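Take a look at the structure set out below.
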Amino acid sequence: MDRHGCCRRRHSPQEGGRDMSLLAPIRKLWQSIAPRTHSDVEEEFRSTLDAYQEDLIRQGLPEEEARRQARIDLGQPATQNETYRDAIGLRVFDELGGDIRYGLRALRRNPGFAAVAVLSLALGIGATTAMFSLIYAVLLHPFPYADADRIMNAHFVKTQQPDVFQWFTLSEAQLDDLRLAAPVDSVLGFTTNGHLEITNDGLPDDISGVYLTENAETFLGVRPLFGRMIEPFDAGQPVVVLNYRFWQRRFGSDPHVIGRMLEMDHAPYTIVGVMPRSFAFNDFGGVGDVYLPASLMDAVANGPAPTYLPWIKLRPHVTVATANAALDPIVREIMKIHSEASLAWHLGLQPIIVPYQQDLGRTLALLLAGVVLLLIIGCANCSILLLARGRTRRHELAIRTAIGASRWRIVRQLLVEALVISCTGAVLGVAGSYWLARLPLVLSPDSFPAESVIRINAPILAFSVALALLCGILFGLAPALRLSRNDPARSLPGRQAGVVAAPRKHRWSVLIAAQVALTLLLMATAGTAIHSFLELMQMPLGYDPANVMELAMGLHFHDTAQWRRIQSREARTAYIEQIREKIASVPGILTVAVGTDATPPYSDPVDTDSSFTAIFRCASHPSASGPHLEYG
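Per the numbering used here, residue 99 is the first one in the sequence shown, and the count goes up by one each step.
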């Protein structure tokens with residue numbers, strides 16, 4: 099007979115051998131620690147009852163009398179099952195399950211109350227979860243890189259003015275020397291060419307390219323969506339890796355793009371990979387559309403050896419202060435910086451997330467404070483609603499107290515009902531928080547790290563669950579404690595005294611006043627922010643932007659060498675003027691100017707070695723039938 103009171107036949111040696119499988123130890127462990135089910139307990143009780151009945155029969159009692167006496171002595175199966183579950187601590191879960199079911203039924207019976215309470219919390223929890231999602235994606239974990247917390251920007255900081263800093267670049271040989279430093283785990287060099295032009299597949303397209311040293315895959319640790327990342331054997335090879343958004347825009351998300359040729363500046367490149375959506379590599383030149391081996395910069399530079407901005411990955415457990423002290427003399431030696439003027443500067447490593455934290459931290463903290471205030475208002479509203487609803491339940495609570503329910507039991511039931519409301523609101527709030535959190539990134543994408551991807555992941559869900567439980571306790575505890583003090587002697591006869599005694603009414607009046615005050619504060623703050631934003635949008639720019647268009651163009655069909663052959667200033671001016679006149683001759687274009695950028699300040703395009711921009715005003719907003727420009 100086993101621990102459940104059941105007889106088991108003995109296994110043969112052959113069957114015993116089969117039972118010694120990998121699952122056998124797990125099954126035995128589960129049987130030893132798992133609580134028995136209702137049927138297990140009932141089966142064991144009936145086995146014990148039968149044995150006791152047989153013992154009474156052997157003592158001389160008739161069978162019917164023995165069965166009756168056994169029932170009297172041992173009780174009923176249901177009673178024994180409750181006793182067993184109470185002994186092992188499962189009864190509290192049964193009661194909690196009953197309280198949850200009762201709370202759901204109570205919400206169905208009062209749809210108006212349920213709708214107001216749930217929506218109040220859904221708004222607050224949803225807004226708070228959305229802000230936490232945004233903060234998590236933008237400030238806590240914005241980068242998909244491996245060990246992103248150990249990746250540092252490197253620049254020189256003025257000792258007397260810490261806010262003044264200067265970036266520096268290193269050659270490939272200097273990067274190799276820096277990799278040998280003790281605090282350094284790895285170094286990535288990169289530079290940007292924002293003026294590449296696609297010269298095949300139809301119309302030309304200006305794109306931005308990022309040149310990465312060939313250790314990019316091991317340094318960044320990001321798995322490509324298709325193909326592979328730049329690797330050491332790509333040195334000098336015309337290969338290219340596509341950014342996710344560029345792959346969508348240019349190739350229509352074609353999964354078979356690997357191996358195709360992409361012609362840039364009249365040179366063919368083989369596509370070897372597509373990076374995932376979360377990989378953007380937002381450096382000083384903006385988000386790169388394509389990623390190329392840094393060794394190809396030798397051909398592009400067409401002059402002195404190219405240099406690269408360094409990203410330094412520190413070894414584990416190396417602090418920024420320790421790395422600064424150790425690397426400062428090394429970097430000075432590598433760069434041959436020994437002048438007295440350089441002593442006013444020192445090396446300053448900075449985690450790559452810090453610039454975004456400095457720019458966005460205060461703004462997001464202010465928004466988080468606003469949504470937390472909204473959540474507190476929602477909790478106060480639900481607390482008042484629960485207290486008012488308790489007036490209609492005073493007879494029910496008085497009866498439960500009269501038949502023996504303890505105050506703790508009533509408090510627990512009321513708290514569970516409040517938690518049912520908060521969890522229901524949390525489900526609705528989390529469902530809407532995903533789109534709400536994406537709104538700032540859609541409205542102002544340039545203000546956030548390009549790598550930031552809003553997703554509902556395990557930390558966000560854990561935060562939402564904790565927030566729902568906290569809110570349920572926050573707004574449910576005070577009404578539960580107040581309602582549990584209900585006096586049966588006063589409530590059962592039907593006396594008209596309210597749930598809230600007169601001496602305590604002022605407490606809830608204060609709560610209502612606080613709720614109204616917080617609401618007014620939130621509305622005033624939001625109104626001020628909206629007013630400031632509208633005024634900022636209406637601030638004069640100094641020029642009329644209506645129907646003004648821009649067209650970025652590469653110099654001499656993106657052949658930098660050919661552009662540099664035009665030495666004289668007059669010849670360059672004539673070349674640019676010829677382009678301006680051709681654009682001005684297009685019907686529908688009123689005026690044309692050429693500069694290095696679309697917005698002030700401008701510099702003389704004759705002196706540039708990259709590209710220039712044509713700015714022109716149309717007679718009306720361009721449409722499908724409006725001005726059409728072609729060049730190249």
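In this text, a Cβ means the ideal position worked out from N, Cα and C, and glycines have one as well. Remember, it's a predicted structure, so these values are computed and weren't measured experimentally.
| query | Assuming T405 and T267 make a contact with CB atoms under 8 Å, what is their CB distance in whole Å? | reply | So it is a contact: roughly 4 Å between Cβ atoms.
| field | Secondary structure, beta strand (DSSP E): runs of 3+ residues fully inside the region 323–361 | value | 337–340
| field | Unbroken alpha helix (DSSP H) run spanning N479, endpoints | value | V452 to R489
| said: In the DSSP output, what is C716 paired with across the bridge? | reply: The bridge partners DSSP lists for C716 are I687.
| said: Any heavy atom of the ligand SAM closer than 7 Å to the beta-carbon of V388? | reply: This structure simply doesn't include the ligand SAM, nor any ligand for that matter.
| task | State buried or exposed for A595, treating a residue as buried only when at least 16 other CB atoms are found within 10 Å of its CB. | result | Model confidence at A595 stands at a pLDDT of 46, short of 50, so the residue's coordinates are unreliable; what they give is reported in the following sentence. Per the 10 Å Cβ criterion, exposed.
| request: Can you grab the Cα-Cα spacing for the pair Q39 / R580, in whole Å? | output: Not covered by the structure: residue 39. The range shown for the chain is 99 to 730.
| said: Helix, strand or coil for A54? Go by DSSP, reduced to three states. | reply: Because residue 54 is not part of the residues shown, which for the chain are 99 to 730, the question remains open.
| task | Using only alpha-carbon positions, find the residue among A612, Y673 and Q264 that is nearest to I482. | result | A612
| request: Give the range of the alpha helix (DSSP H) segment to which N50 is assigned. | output: No answer is possible for residue 50: it lies beyond the span of the chain, which begins at 99 and ends at 730.
| message | Checking 8 Å against the spacing of the C-beta atoms, do G307 and L294 come in under that value? | response | yes
| Under a three-way DSSP split, which group does T499 fall into? | helix
| message | If you measure between the beta carbons of G222 and L534, is that distance less than 8 Å? | response | no
| request: For the region 206–292, list the beta strand (DSSP E) runs that are entirely contained and at least 3 residues long, ordered along the chain. | output: 249–256 and 263–265
| request: Could you tell me if P577 is buried or exposed, where buried requires 16 or more neighbouring beta carbons within 10 angstroms of its beta carbon? | output: Buried is the call here.
| said: Contact defined as beta carbons within less than 8 Å: I believe A392 pairs with L310. What is the distance between those atoms, to the nearest angstrom? | reply: Separation of the CB atoms of A392 and L310 is rounded to 6 Å, and the pair is thereby assigned contact status at 8 Å.
| query | Sorted by chain position, which residues of the same chain lie with C-beta nearer than 6 Å to E675's C-beta, five sequence neighbours on each side aside? | reply | none
| My guess is that I450 and A246 are in contact by the Cβ rule of under 8 Å, so how many angstroms apart are they, rounded? | 7 Å
| message | Can you list, in chain order, the residues of its chain with a C-beta nearer than 7 Å to that of F332? Leave out the 5 residues immediately preceding and following it. | response | Strictly speaking, residue 332 in this sequence is Asp, with Phe absent from that position. Hits under 7 Å: E312 and P391.
| query | Going by C-alpha distance, which of A524, V216 and F230 is nearest L466? | reply | F230
| Element boundaries [beta strand (DSSP E), containing V388] | V388 to P391 is the extent of the beta strand (DSSP E) around V388.
| message | Can you check which of these residues, I305, N555 and F241, is closest to F377 by C-alpha distance? | response | With respect to the C-alpha of F377, the residue from I305, N555 and F241 having the closest C-alpha is F241.
| said: Can you give me the C-alpha to C-alpha distance between D363 and D304, rounded to a whole angstrom? | reply: 10 Å
| query | A203: buried (16+ other C-beta within 10 angstroms of its C-beta) or exposed? | reply | The question names Ala, yet the displayed sequence has Arg at residue 203. Exposed, by the Cβ-count rule.
| query | Could you give the distance in angstroms between the alpha-carbon of E668 and the alpha-carbon of L649? | reply | Using only the alpha carbons, I get a separation of about 23 Å.
| request: Within 10 angstroms of the Cβ of S723, are there 16 or more other Cβ atoms? Answer buried if so, exposed if not. | output: In this prediction, S723 has a pLDDT of 47, which is less than 50 and means its spatial position is unreliable; what the coordinates show is noted afterwards. It counts as exposed.
| field | Distance, T711 Cα to T671 Cα | value | 14 Å
| message | Suppose you measure from the CA of T417 to the CA of A424; what does that come to, to the nearest Å? | response | 11 Å
| query | Does the distance from the CB of L572 to the CB of T227 come in under 8 Å? | reply | no
| task | Can you give me the Cβ contacts of W345 inside the same chain, cut-off strictly under 6 Å, excluding the 5 residues immediately before and after it? | result | For W345, where only same-chain residues beyond five positions count, the Cβ hits under 6 Å are V372.
| task | Could you give the DSSP three-state label for P577: helix, strand or coil? | result | helix
| said: Give me the residue from D171, A644, G625 and I610 with the minimum Cα distance to G468. | reply: G625
| task | Pick out whichever of L276, Y454, V470 and A168 has its Cα sitting closest to the Cα of C569. | result | V470
| Given 8 Å, three or more beta-carbon pairs between the region 270–290 and the region 428–437 | yes
| request: State yes or no: is the C-beta of V337 within less than 8 Å of the C-beta of V385? | output: It is not a contact, given that the beta carbons lie outside the stated cut-off.
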